[in-house]
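Mapped onto this note's numbering, the consecutive letters of the sequence shown carry residue numbers 140 to 213. Backbone N, C-alpha and C define an ideal beta-carbon position, used for all residues, glycine too.
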Amino acid sequence: MFKSHKPGPDDAWEGIVEDKSRGMLDGANMYHFVTVRRVDGQFVKVRIDRRLWKSIEVGDRIVKESGSGPVKAV
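Set out below in structure tokens:
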């Protein structure tokens with residue numbers, strides 16, 4: 140079994156994308172991840188949806204507010 144990197148519904152953070160990756164962890168589904176350097180300096184690996192993964196690049200800023208999913212900051 141693998142650890143879920145899906146952000147919780149009450150999580151709130153923002154940061155800069157440091158790395159993008161994807162993989163078939165269960166052998167059947169493609170999962171998309173980003174490593175984010177949060178504003179407090181910590182690194183976190185987060186699972187995101189495919190649409191967001193394709194729209195961001197390393198160096199972009201993303202924001203996760205409580206009650207919603209991560210989005211690319213403008």
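Can you give me the Cβ contacts of residue 184 inside the same chain, cut-off strictly under 7 Å, excluding the 5 residues immediately before and after it? 144, 172, 174
_Other residues of its chain near residue 176: CB distance less than 7 Å, five sequence neighbours each side excluded_ = 154, 155, 157, 182
May I ask you to report which of helix, strand or coil DSSP gives residue 194? helix
Inset, instruction - Compute the distance between the beta-carbons of residue 83 and residue 170, then report whether it is under 8 Å. - result: Shown here, the chain extends from 140 to 213; a query on residue 83 therefore has no answer.
Item checked: Rounded distance between the beta-carbons of residue 205 and residue 151, thought under 8 Å -> 4 Å
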